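Taken in sequence, the protein lines are chains A and B. Every position in the first sequence, counted from 1, becomes a number in the working numbering once 7 is added. Every position in the second sequence, counted from 1, becomes a number in the working numbering once 7 is added. Scroll down for the structure; my scribbles are underneath it.
Protein chains: 2
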Amino acid sequence: MSNQGKLYLVPTPIGMNSIISEAVKAIVCETRHFIVESEKESRRFLKQCGYDLKNNYPDFYIVNEHNANDSFVEYLNPIKLGLNMVLMSDAGIPCVADPGSKIVKLCHQKLIDIIPMQGSSSILMALMASGLNGQQFNFHGYLPSEKGQRIDSLKKLQNEILKHGNSHIFIETPYRNNAMFQDILSNVTSSINLCIALNIEGENQLIKTQSISQWQKSSLVLEKEPAIFILGK
Amino acid sequence: MSNQGKLYLVPTPIGMNSIISEAVKAIVCETRHFIVESEKESRRFLKQCGYDLKNNYPDFYIVNEHNANDSFVEYLNPIKLGLNMVLMSDAGIPCVADPGSKIVKLCHQKLIDIIPMQGSSSILMALMASGLNGQQFNFHGYLPSEKGQRIDSLKKLQNEILKHGNSHIFIETPYRNNAMFQDILSNVTSSINLCIALNIEGENQLIKTQSISQWQKSSLVLEKEPAIFILGK
Numbered sequence: 008m009s010n011q012g013k014l015y016l017v018p019t020p021i022g023m024n025s026i027i028s029e030a031v032k033a034i035v036c037e038t039r040h041f042i043v044e045s046e047k048e049s050r051r052f053l054k055q056c057g058y059d060l061k062n063n064y065p066d067f068y069i070v071n072e073h074n075a076n077d078s079f080v081e082y083l084n085p086i087k088l089g090l091n092m093v094l095m096s097d098a099g100i101p102c103v104a105d106p107g108s109k110i111v112k113l114c115h116q117k118l119i120d121i122i123p124m125q126g127s128s129s130i131l132m133a134l135m136a137s138g139l140n141g142q143q144f145n146f147h148g149y150l151p152s153e154k155g156q157r158i159d160s161l162k163k164l165q166n167e168i169l170k171h172g173n174s175h176i177f178i179e180t181p182y183r184n185n186a187m188f189q190d191i192l193s194n195v196t197s198s199i200n201l202c203i204a205l206n207i208e209g210e211n212q213l214i215k216t217q218s219i220s221q222w223q224k225s226s227l228v229l230e231k232e233p234a235i236f237i238l239g240k
Numbered sequence: 008m009s010n011q012g013k014l015y016l017v018p019t020p021i022g023m024n025s026i027i028s029e030a031v032k033a034i035v036c037e038t039r040h041f042i043v044e045s046e047k048e049s050r051r052f053l054k055q056c057g058y059d060l061k062n063n064y065p066d067f068y069i070v071n072e073h074n075a076n077d078s079f080v081e082y083l084n085p086i087k088l089g090l091n092m093v094l095m096s097d098a099g100i101p102c103v104a105d106p107g108s109k110i111v112k113l114c115h116q117k118l119i120d121i122i123p124m125q126g127s128s129s130i131l132m133a134l135m136a137s138g139l140n141g142q143q144f145n146f147h148g149y150l151p152s153e154k155g156q157r158i159d160s161l162k163k164l165q166n167e168i169l170k171h172g173n174s175h176i177f178i179e180t181p182y183r184n185n186a187m188f189q190d191i192l193s194n195v196t197s198s199i200n201l202c203i204a205l206n207i208e209g210e211n212q213l214i215k216t217q218s219i220s221q222w223q224k225s226s227l228v229l230e231k232e233p234a235i236f237i238l239g240k
């Protein structure tokens, strides 16, 4: 299938301290067709890469929660015509806690070459800096938003940790961060460790791990900032 | 605790195509005390960073599977004296499928600042390029090496996937890759998808996802290369 273009998977900055590699800039600047989470954020990223938006007119194909059920087959037409495409999300690694995996799956089915580019994931940066078990871990995305179900989920994670010692990673929409934090403090047994990672690679980055009983003594109030929670041993 | 040094978590190249960022080079070249998985690989990495090994004499403190039960408290003496230290593993992200988390945990206990640096993880690069579920995933490290137990584990993962749709990621020591591959093909139901990611960021990188029934028709033999396996929907 050598006449087909390739799909590049391009990580985008997760905070103002993120670095965009020269390799990513080069791929982005020579690409015309982008599959993206949102056009606005993507244009901003293209500018950061030095893309000449005045003289080149990139095409954006949107993949996000609003059209997650579409088939997207026609998005790959440029690749069929021999052109390379870039897949990226608004921040971080596409397809991981972000849209895009359906596109990549299609590419596997159509024997299109997929090239993942190097970049940072806030999930793994939080995990490596947590001091918790990085040999076995589970990423859950969002826990249920309904309070009773959320507490049930937290209790299940607690029992898993006591039994197996895995780390359990989850995220929350920023305006619910503090409610989640309080539910953890009220429902998870005091010996378990909690890592809170706020604003990874951003201003005021905070990554702090201590036991639930230590957190209960702290006066931290989680503001509406990007947060990653890790429970573990 | 502003008189203490900081601990930098530094990712190292996972393949010959990995890029070392200028930020990582700068931190490495101004550091004297390194907590590492092996001295030999670390010296090679320092050279790649432009470290002046002829005129500077870095100290290496070893953390690996052979001394995993040590307390390591004394390793942090340079930090107590106000010096920064670097923690790194032989390849990839320290603490994630690699040694180091015990050191980081100690730093949390001693209120030492921990700075994770940007770099690539072969686990997440494989996951993003797999086309499989990146919203919920479990990393297992190694499955049991004993055949009966390994098959039990694979059956459990299969049932988890059919029930919850999570992706399940695991690794294998290179000389057992092909035995693992054959056990997957013989024991996991045909509708489940398997991604095999070989030599991420290395020469002959291969990332291929297809159903077990499609893999059963392939003639791929896994050589003794770094491999990541992902089972999912």
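Built from N, CA and C at the ideal position, the CB exists for glycine as well. Small disclaimer: the values here were computed from a predicted structure and weren't measured.
Run of the alpha helix (DSSP H) containing residue i, from where it starts to where it stops
i, result
"Ser-25/B", "Premise fails: Ser-25/B is in no alpha helix (DSSP H) and is neither H nor E."
"Ile-191/A", "184 to 194"
"Val-111/B", "108 to 116"
"Pro-85/A", "84 to 87"
"Ser-220/B", "219 to 223"
"Phe-52/A", "46 to 55"
"Leu-139/B", "Premise fails: Leu-139/B is in no alpha helix (DSSP H) and is neither H nor E."
Between the CA atoms of residue j and residue i - distance to the nearest angstrom
i, j, result
"Ser-137/B", "Pro-123/A", "10 Å"
"Gly-12/A", "Leu-205/B", "21 Å"
"Glu-179/A", "Ala-133/A", "14 Å"
"Gly-141/A", "Glu-46/A", "35 Å"
"Val-93/B", "Leu-139/A", "18 Å"
"Tyr-153/B", "Ala-75/A", "It should be noted that the sequence gives Glu, not Tyr, for residue 153/B. When rounded, the distance between both Cα atoms is 41 Å."
"Cys-56/B", "Cys-36/B", "7 Å"
"Ile-100/B", "Val-70/A", "29 Å"
"Gln-156/B", "Pro-65/A", "52 Å"
"Ser-160/B", "Thr-216/B", "21 Å"
"Glu-167/B", "Phe-67/B", "42 Å"
"Ser-78/B", "Ser-108/B", "12 Å"
"Phe-146/B", "Asp-120/A", "25 Å"
"Leu-192/A", "Ile-203/A", "12 Å"
"Trp-222/A", "Glu-72/A", "34 Å"
"Phe-188/B", "Met-135/A", "29 Å"
"Ser-25/A", "Lys-224/B", "43 Å"
"Pro-106/B", "Ser-96/B", "7 Å"
"Ser-174/B", "Asn-63/B", "46 Å"
"Leu-213/B", "Tyr-58/B", "32 Å"
"Leu-88/B", "Ser-198/B", "58 Å"
"Asp-190/B", "Ile-235/B", "15 Å"
"Ile-21/B", "Ser-218/A", "33 Å"
"Ala-33/A", "Asn-200/A", "42 Å"
"Ser-28/B", "Leu-90/B", "22 Å"
"Pro-18/B", "Ala-98/B", "7 Å"
"Phe-144/A", "Lys-61/A", "45 Å"
"Pro-151/B", "Phe-52/A", "44 Å"
"Asn-211/B", "Met-23/B", "11 Å"
Residues that residue i bridges to, as DSSP identifies them
i, result
"Ala-204/B", "Ile-214/B and Ile-235/B"
"Ile-175/B", "According to the sequence as given, residue 175/B is His; it is not Ile. DSSP, once it has assigned bridges, lists Asn-145/B and Leu-238/B as partnering His-175/B."
"Gly-99/B", "Thr-19/B"
"Val-93/A", "Tyr-15/A and Phe-41/A"
Residue span of the beta strand (DSSP E) that contains residue i, given as start and end
i, result
"His-40/A", "40 to 43"
"Leu-255/B", "Chain B is shown only over 8 to 240; residue 255/B falls outside these bounds and no answer can be derived."
"Tyr-67/A", "Note on identity: in this sequence residue 67/A is Phe, with Tyr being the wrong assignment. Its beta strand (DSSP E) spans residues 66 to 69."
"Ile-122/A", "121 to 123"
Residue i: CB within 7 Å of a non-hydrogen atom of the ligand SAH
i, result
"Asn-194/A", "Summarising the ligand content, the structure contains no ligands, and the ligand SAH is consequently not present."
Near-chain B residues of the stretch 127 to 155 of chain A (beta-carbon distance less than 9 Å), N- to C-terminal order: Ser-127, Ser-128, Ile-130, Leu-131, Met-132, Ala-133, Leu-134, Met-135, Ala-136, Ser-137, Gly-138, Leu-139, Asn-140, Gly-141, Gln-142, Gln-143, Phe-144, Asn-145, Phe-146, His-147, Gly-148 and Tyr-149
If the cut-off is 8 Å on Cβ atoms, which residues from the stretch 34 to 56 of chain B count as contacting chain A, listed in chain order? none
Using Cβ-Cβ distances below 9 Å, what residues of the stretch 208 to 229 of chain A are close to chain B? Glu-208, Gln-212, Ile-214, Lys-215, Thr-216 and Gln-217
Segment contact flag, the stretch 35 to 51 of chain B with the stretch 70 to 86 of chain B, C-beta cutoff 8 Å, min 3 pairs: yes
Counting pairs of beta carbons, one from the stretch 168 to 185 of chain B and one from the stretch 222 to 231 of chain B, are three or more of them closer than 8 Å? yes
Any C-beta of chain A within less than 8 Å: which residues of the stretch 98 to 109 of chain B qualify? Ile-100, Pro-101, Cys-102, Val-103, Ala-104, Asp-105, Gly-107, Ser-108 and Lys-109
Specify whether the stretch 125 to 132 of chain B and the stretch 107 to 114 of chain A touch according to this definition: at least 3 beta carbon pairs, one from each stretch, less than 8 Å apart. no
Which of the residues in the stretch 168 to 198 of chain A, read from start to end, lie with their CB under 7 Å from any CB of chain B? none
For the stretch 8 to 30 of chain A, list every residue whose C-beta sits within 8 Å of some C-beta in chain B, in sequence order. Leu-16, Ser-25, Ile-26, Ser-28, Glu-29 and Ala-30
Along the stretch 58 to 76 of chain A, what residues have a CB closer than 9 Å to any CB found in chain B? none
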